[in-house]
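Residues 1 to 154 (UniProt numbering) make up the sequence shown, in order.
Virtual Cβ for every residue (Gly too), placed ideally from N, Cα, C.
Worksheet: one structure, shown below.
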Amino acid sequence: MRCPFCGHEDTQVKDSRPTEDNSAIRRRRFCPGCGARFTTFERVQLRELTVVKSGGQREPFDREKLLRSMRIALRKRPIDADRIDRVVNSLVRQLESSGESEIPSKQIGEMIMAALQALDPVAYIRYASVYKDFREASDFNEFVEQLAPEPQNG
Numbered sequence: 001m002r003c004p005f006c007g008h009e010d011t012q013v014k015d016s017r018p019t020e021d022n023s024a025i026r027r028r029r030f031c032p033g034c035g036a037r038f039t040t041f042e043r044v045q046l047r048e049l050t051v052v053k054s055g056g057q058r059e060p061f062d063r064e065k066l067l068r069s070m071r072i073a074l075r076k077r078p079i080d081a082d083r084i085d086r087v088v089n090s091l092v093r094q095l096e097s098s099g100e101s102e103i104p105s106k107q108i109g110e111m112i113m114a115a116l117q118a119l120d121p122v123a124y125i126r127y128a129s130v131y132k133d134f135r136e137a138s139d140f141n142e143f144v145e146q147l148a149p150e151p152q153n154g
C-alpha cells in the first residue's frame, strides 16, 4: 500500500486485528520512507454497486459518502462513532445482499432515514430536512407533527 504522506510504494503492516464487529480488518502500517504510521481498513465487498441518481446518472457506490452523511446528521448527538460505523456496515451489507447491482439513490436515502429514525430523532429530522428539501419552517412543523404520537383519549 502506498504511503498517504510521502507516496512511498511499499509500507509495512505492523499490526492486524479485526474490528469490534468483525466486519473489517484494521491494519496499523509503517512507512520506511518517511517513518509515518497510519491505519487502513480492509472490508469484504460482495459486489460492485452502482448508485442510480434521480436524473438517471450513475456513479459507483461510496461507503464513505454514506458514512459522512450519517455523521453530519449525528453531529453533536450522543451516539458513539463505533455505533455509527456498525449501522453503516449493516446498511452496506443490506445493499450488497439485495441481489441488485444498481441501487436507486432514493432507496439509499430511505434506508438512511429509517436507520436514523431508530438511532436518534434529532438526527432523523436533520437528515430529513435535507433529503426532503425543506424550504420553510412550516416544512419542519409538518414533518415533526407526523412524528408526534397521537393523543390518547382516556
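Every unbroken beta strand (DSSP E) inside the UniProt domain "ATP-cone" (49–139) [3 residues or more] = 50–52, 58–60, 102–104
request  = Would you decide whether Gly154 is buried or exposed? Buried here means 16 or more other CB atoms lie within 10 Å of its CB.
outcome  = Here residue 154 is taken as the residue at index 154 of the sequence shown, counted from 1. In this prediction, Gly154 scores a pLDDT of 49, lower than 50, which makes its location untrustworthy; no coordinate-derived value is stated.
inquiry  = Within a Cβ cutoff of 8 Å, which residues of the same chain sit near Val87, ignoring the five residues on either side of it in sequence?
reply    = The residue you call residue 87 lines up with position 87 of the sequence shown. If we look at Val87 and ignore the five residues flanking it on each side, its Cβ neighbours are Met70, Ala115, Leu119.
inquiry  = I'd like to check one pair, Arg29 with Lys14: are the Cβ atoms closer than 8 Å?
reply    = In the sequence shown, the residue the question calls residue 14 occupies position 14. In the sequence shown, the residue the question calls residue 29 occupies position 29. Their beta carbons are under 8 Å apart, which means Lys14 touches Arg29 by this criterion.
task = Could you pull out every residue in the same chain whose Cβ sits closer than 8 Å to the Cβ of Arg58, ignoring the five residues on either side in sequence?
result = As a working mapping, residue 58 is identified with position 58 in the sequence shown. For Arg58, where only same-chain residues beyond five positions count, the Cβ hits under 8 Å are Thr50, Val51, Val52, Glu102.
ask   = Rounded to whole angstroms, how far is the Cβ of Leu74 from the Cβ of Ala123, which I believe are closer than 8 Å?
value = Your numbering for residue 74 matches position 74 in the sequence shown. Your numbering for residue 123 matches position 123 in the sequence shown. At roughly 5 Å, the Cβ-Cβ gap stays under 8 Å, so Leu74 and Ala123 are in contact.
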